[in-house]
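Student:
Residue numbers (our numbering): 13 to 330.
Take a look at the structure:
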(Lines of atoms letter the chains of each structure in order from A and count residues from 1; the text may use other names and numbers.)
(Lines give C-alpha, C1' and ligand atoms only; values in the text may rest on other atoms or scores of the structure.)
Protein backbone atom coordinates (compact mmCIF):
# COMPACT_ATOMS: atom_id res chain seq x y z
CA UNK A 1 0.00 0.00 0.00
CA UNK A 2 1.06 3.57 -0.63
CA UNK A 3 2.65 5.68 2.08
CA UNK A 4 0.62 8.84 2.69
CA UNK A 5 2.67 11.88 3.69
CA UNK A 6 1.57 15.47 4.25
CA UNK A 7 3.02 18.04 1.85
CA UNK A 8 5.35 19.54 4.42
CA UNK A 9 7.12 16.20 4.91
CA UNK A 10 6.96 14.78 1.38
CA UNK A 11 9.19 16.78 -0.96
CA UNK A 12 12.47 14.88 -0.60
CA UNK A 13 10.75 11.49 -0.70
CA UNK A 14 8.69 12.50 -3.74
CA UNK A 15 11.79 13.63 -5.66
CA UNK A 16 13.67 10.47 -4.66
CA UNK A 17 10.89 8.26 -6.05
CA UNK A 18 10.53 10.30 -9.25
CA UNK A 19 14.27 10.04 -9.89
CA UNK A 20 13.99 6.28 -9.38
CA UNK A 21 11.36 6.07 -12.16
CA UNK A 22 8.31 5.59 -9.94
CA UNK A 23 4.84 7.06 -10.40
CA UNK A 24 3.43 8.85 -7.35
CA UNK A 25 0.28 10.82 -6.52
CA UNK A 26 0.68 14.53 -5.83
CA UNK A 27 -1.79 17.34 -5.16
CA UNK A 28 -2.24 20.18 -7.62
CA UNK A 29 -4.73 23.03 -7.59
CA UNK A 30 -6.94 21.15 -10.09
CA UNK A 31 -7.08 17.46 -9.06
CA UNK A 32 -4.53 14.98 -7.72
CA UNK A 33 -2.03 13.93 -10.39
CA UNK A 34 -0.26 10.63 -11.00
CA UNK A 35 3.22 12.02 -11.55
CA UNK A 36 6.31 10.56 -13.20
CA UNK A 37 9.48 11.94 -14.80
CA UNK A 38 8.38 12.98 -18.31
CA UNK A 39 11.87 12.27 -19.73
CA UNK A 40 11.92 8.65 -18.51
CA UNK A 41 10.09 6.24 -20.82
CA UNK A 42 9.78 3.46 -18.24
CA UNK A 43 8.38 5.91 -15.69
CA UNK A 44 5.83 7.27 -18.19
CA UNK A 45 4.86 3.71 -19.13
CA UNK A 46 4.22 3.11 -15.42
CA UNK A 47 1.59 5.87 -15.50
CA UNK A 48 -0.26 4.16 -18.35
CA UNK A 49 0.02 0.78 -16.62
CA UNK A 50 -1.13 2.07 -13.23
CA UNK A 51 -4.14 3.90 -14.67
CA UNK A 52 -5.00 1.32 -17.33
CA UNK A 53 -4.86 4.26 -19.76
CA UNK A 54 -4.85 3.78 -23.55
CA UNK A 55 -1.44 4.79 -24.95
CA UNK A 56 -3.06 6.79 -27.77
CA UNK A 57 -4.32 9.21 -25.08
CA UNK A 58 -1.57 11.83 -24.56
CA UNK A 59 -0.41 13.24 -21.22
CA UNK A 60 0.21 16.77 -19.97
CA UNK A 61 3.83 17.64 -19.24
CA UNK A 62 3.96 19.87 -16.18
CA UNK A 63 6.72 22.47 -15.95
CA UNK A 64 8.19 24.68 -13.26
CA UNK A 65 8.02 27.90 -15.30
CA UNK A 66 7.81 29.33 -18.80
CA UNK A 67 11.57 29.00 -19.31
CA UNK A 68 11.31 25.22 -18.89
CA UNK A 69 8.24 25.21 -21.15
CA UNK A 70 10.06 27.05 -23.95
CA UNK A 71 12.77 24.38 -23.95
CA UNK A 72 10.04 21.80 -24.68
CA UNK A 73 7.66 23.58 -27.07
CA UNK A 74 7.66 26.36 -29.66
CA UNK A 75 5.89 29.43 -28.28
CA UNK A 76 4.40 32.16 -30.42
CA UNK A 77 3.41 35.59 -29.01
CA UNK A 78 -0.15 34.40 -28.32
CA UNK A 79 1.10 31.42 -26.31
CA UNK A 80 3.39 33.71 -24.28
CA UNK A 81 0.47 36.04 -23.57
CA UNK A 82 -1.61 33.12 -22.25
CA UNK A 83 1.24 31.71 -20.17
CA UNK A 84 1.97 35.09 -18.61
CA UNK A 85 -1.72 35.65 -17.84
CA UNK A 86 -2.67 32.22 -16.45
CA UNK A 87 0.50 30.44 -15.26
CA UNK A 88 0.90 29.09 -12.70
CA UNK A 89 -2.68 27.88 -12.85
CA UNK A 90 -5.24 25.57 -14.43
CA UNK A 91 -4.56 26.29 -18.14
CA UNK A 92 -2.84 23.80 -20.46
CA UNK A 93 -1.35 24.97 -23.76
CA UNK A 94 -1.02 22.58 -26.72
CA UNK A 95 1.92 23.75 -28.81
CA UNK A 96 4.36 22.40 -31.42
CA UNK A 97 6.79 19.99 -29.75
CA UNK A 98 10.38 21.21 -29.93
CA UNK A 99 12.83 18.66 -31.35
CA UNK A 100 15.35 17.43 -28.79
CA UNK A 101 13.23 18.48 -25.80
CA UNK A 102 14.04 15.29 -23.89
CA UNK A 103 10.36 14.55 -23.21
CA UNK A 104 9.68 10.90 -23.96
CA UNK A 105 7.45 10.16 -27.00
CA UNK A 106 4.97 8.26 -24.80
CA UNK A 107 3.95 11.61 -23.31
CA UNK A 108 2.80 12.99 -26.69
CA UNK A 109 1.29 9.66 -27.87
CA UNK A 110 2.84 10.12 -31.30
CA UNK A 111 1.55 13.67 -31.90
CA UNK A 112 3.79 16.50 -33.12
CA UNK A 113 2.32 18.76 -30.43
CA UNK A 114 2.73 18.67 -26.67
CA UNK A 115 0.40 19.73 -23.84
CA UNK A 116 2.11 21.90 -21.20
CA UNK A 117 0.95 23.30 -17.87
CA UNK A 118 2.64 25.14 -15.01
CA UNK A 119 0.95 24.14 -11.72
CA UNK A 120 0.82 25.91 -8.38
CA UNK A 121 1.88 24.67 -4.96
CA UNK A 122 3.47 21.29 -4.31
CA UNK A 123 3.47 20.36 -7.98
CA UNK A 124 5.63 23.35 -8.85
CA UNK A 125 7.99 22.67 -5.95
CA UNK A 126 8.55 19.03 -6.87
CA UNK A 127 9.20 19.87 -10.55
CA UNK A 128 11.69 22.58 -9.59
CA UNK A 129 13.48 20.20 -7.21
CA UNK A 130 13.54 17.41 -9.81
CA UNK A 131 14.77 19.78 -12.51
CA UNK A 132 12.74 18.05 -15.22
CA UNK A 133 9.15 18.16 -16.47
CA UNK A 134 6.66 15.79 -14.88
CA UNK A 135 3.88 13.96 -16.70
CA UNK A 136 0.85 13.94 -14.43
CA UNK A 137 -2.63 12.89 -15.56
CA UNK A 138 -5.34 12.67 -12.92
CA UNK A 139 -4.61 10.11 -10.19
CA UNK A 140 -7.43 7.65 -10.85
CA UNK A 141 -8.12 4.53 -12.87
CA UNK A 142 -8.56 5.48 -16.52
CA UNK A 143 -12.04 6.75 -17.36
CA UNK A 144 -13.17 6.94 -13.75
CA UNK A 145 -13.84 9.82 -11.35
CA UNK A 146 -10.82 12.08 -10.80
CA UNK A 147 -9.47 12.18 -7.25
CA UNK A 148 -9.71 15.49 -5.40
CA UNK A 149 -8.56 14.14 -2.00
CA UNK A 150 -5.74 11.85 -0.89
CA UNK A 151 -8.38 9.48 0.52
CA UNK A 152 -10.04 9.10 -2.89
CA UNK A 153 -6.67 8.40 -4.53
CA UNK A 154 -5.76 5.85 -1.85
CA UNK A 155 -9.05 3.99 -2.32
CA UNK A 156 -8.47 3.73 -6.07
CA UNK A 157 -4.70 3.49 -6.63
CA UNK A 158 -3.26 2.94 -3.16
CA UNK A 159 -2.24 -0.66 -3.85
CA UNK A 160 -0.43 0.28 -7.07
CA UNK A 161 1.81 3.22 -6.14
CA UNK A 162 4.42 3.84 -3.42
CA UNK A 163 3.46 7.37 -2.29
CA UNK A 164 0.48 9.70 -2.02
CA UNK A 165 1.25 13.27 -1.02
CA UNK A 166 -1.66 14.66 0.99
CA UNK A 167 -2.35 18.33 0.29
CA UNK A 168 -5.98 18.25 1.41
CA UNK A 169 -8.94 18.79 -0.94
CA UNK A 170 -7.92 20.39 -4.23
CA UNK A 171 -9.22 23.98 -4.51
CA UNK A 172 -10.29 24.03 -8.19
CA UNK A 173 -11.65 20.47 -8.33
CA UNK A 174 -11.74 20.28 -12.16
CA UNK A 175 -8.91 19.44 -14.50
CA UNK A 176 -7.23 22.24 -16.42
CA UNK A 177 -8.69 23.95 -19.44
CA UNK A 178 -6.82 22.83 -22.57
CA UNK A 179 -6.38 25.09 -25.59
CA UNK A 180 -4.44 24.54 -28.81
CA UNK A 181 -2.57 27.72 -29.74
CA UNK A 182 -1.79 28.35 -33.40
CA UNK A 183 -0.84 31.39 -35.44
CA UNK A 184 -4.40 31.96 -36.58
CA UNK A 185 -6.21 31.46 -33.29
CA UNK A 186 -7.00 29.35 -30.25
CA UNK A 187 -9.08 26.17 -30.18
CA UNK A 188 -10.75 24.97 -26.99
CA UNK A 189 -9.96 21.24 -26.68
CA UNK A 190 -11.28 20.73 -23.15
CA UNK A 191 -13.09 23.19 -20.88
CA UNK A 192 -11.77 23.24 -17.33
CA UNK A 193 -10.59 25.36 -14.42
CA UNK A 194 -10.18 28.57 -16.47
CA UNK A 195 -13.47 29.69 -18.02
CA UNK A 196 -13.49 30.27 -21.77
CA UNK A 197 -14.64 33.87 -21.36
CA UNK A 198 -11.58 34.62 -19.21
CA UNK A 199 -9.31 33.48 -22.04
CA UNK A 200 -11.29 35.47 -24.59
CA UNK A 201 -11.08 38.59 -22.41
CA UNK A 202 -7.27 38.34 -22.10
CA UNK A 203 -6.63 37.62 -25.80
CA UNK A 204 -9.43 39.61 -27.40
CA UNK A 205 -10.15 36.54 -29.56
CA UNK A 206 -13.11 34.18 -29.69
CA UNK A 207 -12.20 30.58 -28.93
CA UNK A 208 -12.77 28.11 -31.74
CA UNK A 209 -14.58 24.88 -30.88
CA UNK A 210 -15.42 21.55 -32.48
CA UNK A 211 -11.98 19.90 -32.48
CA UNK A 212 -12.01 16.32 -33.76
CA UNK A 213 -10.08 13.27 -32.58
CA UNK A 214 -7.82 12.90 -29.53
CA UNK A 215 -5.54 15.94 -29.65
CA UNK A 216 -5.09 16.26 -25.89
CA UNK A 217 -6.02 14.54 -22.61
CA UNK A 218 -9.68 14.39 -21.58
CA UNK A 219 -11.10 14.20 -25.11
CA UNK A 220 -12.35 10.61 -24.99
CA UNK A 221 -16.15 10.42 -25.29
CA UNK A 222 -16.46 8.35 -22.08
CA UNK A 223 -14.42 9.66 -19.18
CA UNK A 224 -14.70 10.67 -15.50
CA UNK A 225 -17.31 7.93 -15.08
CA UNK A 226 -18.81 6.51 -11.86
CA UNK A 227 -19.90 2.87 -11.68
CA UNK A 228 -23.53 4.03 -11.55
CA UNK A 229 -25.38 5.10 -14.67
CA UNK A 230 -26.24 8.78 -14.96
CA UNK A 231 -29.24 10.80 -16.14
CA UNK A 232 -28.52 14.45 -16.92
CA UNK A 233 -30.75 17.52 -16.80
CA UNK A 234 -33.52 15.66 -14.99
CA UNK A 235 -36.92 17.15 -14.18
CA UNK A 236 -37.68 14.52 -11.53
CA UNK A 237 -35.97 11.84 -9.45
CA UNK A 238 -37.10 8.28 -10.00
CA UNK A 239 -37.39 5.75 -7.14
CA UNK A 240 -34.02 4.27 -6.16
CA UNK A 241 -31.92 7.04 -7.72
CA UNK A 242 -29.32 9.23 -6.04
CA UNK A 243 -29.45 12.96 -6.79
CA UNK A 244 -26.67 15.37 -7.73
CA UNK A 245 -28.35 18.71 -7.10
CA UNK A 246 -27.47 22.29 -8.00
CA UNK A 247 -28.72 25.52 -6.48
CA UNK A 248 -31.49 26.23 -3.98
CA UNK A 249 -34.47 24.71 -5.86
CA UNK A 250 -35.09 20.93 -6.09
CA UNK A 251 -36.66 18.97 -8.92
CA UNK A 252 -39.75 16.86 -8.36
CA UNK A 253 -39.22 13.71 -6.31
CA UNK A 254 -35.98 14.92 -4.72
CA UNK A 255 -37.24 13.76 -1.33
CA UNK A 256 -37.18 10.13 -2.45
CA UNK A 257 -33.52 10.15 -3.55
CA UNK A 258 -31.54 7.43 -1.75
CA UNK A 259 -28.70 9.94 -1.34
CA UNK A 260 -28.19 13.59 -2.31
CA UNK A 261 -25.28 15.99 -2.67
CA UNK A 262 -25.63 19.62 -3.76
CA UNK A 263 -22.81 21.05 -5.91
CA UNK A 264 -23.61 24.52 -4.57
CA UNK A 265 -26.64 25.51 -2.51
CA UNK A 266 -26.23 29.10 -3.70
CA UNK A 267 -25.60 28.19 -7.35
CA UNK A 268 -21.99 29.47 -7.28
CA UNK A 269 -20.00 27.92 -10.12
CA UNK A 270 -16.55 27.80 -8.50
CA UNK A 271 -17.98 25.98 -5.50
CA UNK A 272 -19.82 23.60 -7.83
CA UNK A 273 -16.65 22.84 -9.79
CA UNK A 274 -14.66 22.17 -6.62
CA UNK A 275 -17.34 19.76 -5.37
CA UNK A 276 -18.09 17.91 -8.62
CA UNK A 277 -15.86 14.84 -8.40
CA UNK A 278 -16.07 14.37 -4.62
CA UNK A 279 -19.88 14.54 -4.74
CA UNK A 280 -20.05 12.13 -7.69
CA UNK A 281 -17.82 9.71 -5.77
CA UNK A 282 -19.98 9.98 -2.64
CA UNK A 283 -23.17 9.30 -4.63
CA UNK A 284 -21.52 6.41 -6.45
CA UNK A 285 -20.69 4.87 -3.08
CA UNK A 286 -24.35 5.12 -2.00
CA UNK A 287 -25.11 1.96 -3.97
CA UNK A 288 -27.69 3.62 -6.23
CA UNK A 289 -27.73 2.14 -9.74
CA UNK A 290 -28.39 5.56 -11.26
CA UNK A 291 -27.39 9.12 -10.37
CA UNK A 292 -29.89 11.76 -11.48
CA UNK A 293 -28.33 15.17 -12.16
CA UNK A 294 -30.20 18.46 -11.96
CA UNK A 295 -29.56 21.00 -14.76
CA UNK A 296 -26.40 23.11 -14.39
CA UNK A 297 -26.23 26.39 -16.35
CA UNK A 298 -23.62 26.58 -19.12
CA UNK A 299 -22.13 29.98 -18.33
CA UNK A 300 -18.55 30.35 -17.02
CA UNK A 301 -17.25 27.20 -15.36
CA UNK A 302 -20.63 25.60 -16.06
CA UNK A 303 -19.29 24.72 -19.51
CA UNK A 304 -16.56 22.57 -17.93
CA UNK A 305 -18.94 21.04 -15.38
CA UNK A 306 -21.37 20.05 -18.11
CA UNK A 307 -18.52 18.66 -20.23
CA UNK A 308 -17.46 16.35 -17.37
CA UNK A 309 -21.03 15.30 -16.69
CA UNK A 310 -21.64 14.49 -20.36
CA UNK A 311 -18.49 12.34 -20.55
CA UNK A 312 -19.36 10.63 -17.27
CA UNK A 313 -22.80 9.77 -18.64
CA UNK A 314 -21.59 8.58 -22.08
CA UNK A 315 -22.10 4.91 -23.06
CA UNK A 316 -19.13 2.80 -22.05
CA UNK A 317 -17.97 -0.80 -21.91
CA UNK A 318 -18.94 -2.63 -18.76
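Built from N, CA and C at the ideal position, the CB exists for glycine as well.
State the DSSP-derived secondary structure class of residue 124, mapped to helix, strand or coil.
Tutor: coil
Student: Name the two residues that bound the continuous beta strand (DSSP E) containing residue 201.
Tutor: 197-202
Student: Can you name the residues that DSSP bridges to residue 177?
Tutor: According to DSSP, residue 177 bridges with 17.
Student: Answer with buried or exposed for residue 268, where buried requires no fewer than 16 other C-beta atoms within 10 angstroms of its C-beta.
Tutor: Burial call: exposed.
Student: What ranges does the beta strand (DSSP E) occupy inside the region 96-171, keeping only unbroken runs of at least 3 residues that lie completely in it?
Tutor: 103-108 and 125-129
Student: Using a Cβ distance threshold of 8 Å, determine whether the region 202-220 contacts the region 302-322, with at least three qualifying pairs required.
Tutor: Three or more Cβ pairs drawn from the region 202-220 and the region 302-322 lie within less than 8 Å of each other, which places the two stretches in contact.
Student: So residue 72 packs on residue 104, CB below 8 Å; how close in whole Å?
Tutor: Confirmed, Cβ separation roughly 5 Å.
Student: If you count every other CB in all the chains shown that lies within 10 Å of the CB of residue 217, and 16 or more means buried, which is it?
Tutor: exposed
Student: Counting pairs of beta carbons, one from the region 162-170 and one from the region 183-202, are three or more of them closer than 8 Å?
Tutor: no
Student: Just to confirm my understanding: we take residue 77, look at its own chain, exclude 5 residues before and 5 after, and list those with CB closer than 7 Å. What are they?
Tutor: 130, listed in sequence order.
Student: Assuming residue 295 contacts residue 273 (C-beta within less than 8 Å), just tell me the rounded distance between them.
Tutor: 6 Å
Student: Would you kindly work out how many angstroms separate the C-alpha atoms of residue 315 and residue 281, rounded to a whole number?
Tutor: 10 Å
Student: So, at 6 Å on beta carbons, what are the nonlocal neighbours of residue 265 in its own chain, with the 5 sequence-adjacent residues on each side left out?
Tutor: 248 and 249
Student: Can you tell me whether DSSP reads residue 51 as helix, strand or coil?
Tutor: Residue 51 falls in the coil class under three-state DSSP.
Student: Identify the continuous alpha helix (DSSP H) that holds residue 214 and give its terminal residues.
Tutor: Looking at the DSSP string, the run of the alpha helix (DSSP H) that includes residue 214 is 208-215.
Student: Between which two residues does the beta strand (DSSP E) harbouring residue 273 extend?
Tutor: Its beta strand (DSSP E) spans residues 272-274.
Student: Excluding the 5 residues flanking residue 298 on each side, which residues of the same chain have their C-beta closer than 7 Å to its C-beta?
Tutor: 254, 270 and 271
Student: Assign residue 242 to one of two classes, buried (16 or more other C-beta atoms within 10 Å of its C-beta) or exposed (fewer than that).
Tutor: buried
Student: Note down the Cα distance separating residue 259 from residue 61, rounded to an integer number of angstroms.
Tutor: 39 Å
Student: So if DSSP puts residue 194 in a beta bridge, which residue, or which two residues, is it bridged to?
Tutor: DSSP lists 197 as the bridge partner or partners of residue 194.
Student: Please classify residue 239: is it buried, with 16 or more other beta-carbons within 10 angstroms of its beta-carbon, or exposed?
Tutor: exposed
Student: Verify whether the separation of the beta carbon atoms of residue 14 and residue 37 is less than 9 Å.
Tutor: yes
Student: Is it true that the CB of residue 305 sits closer than 9 Å to the CB of residue 256?
Tutor: yes
Student: Note down, in chain order, each residue of its chain lying with its Cβ closer than 7 Å to the Cβ of residue 107, except the 5 sequence neighbours on either side.
Tutor: 85, 86, 87, 91, 125, 126, 128 and 193
Student: May I ask which residues mark the beginning and end of the alpha helix (DSSP H) holding residue 321?
Tutor: 314-325
Student: Could I get the ranges of all uninterrupted beta strand (DSSP E) runs contained in the region 278-304, with 3 residues as the minimum, in chain order?
Tutor: none
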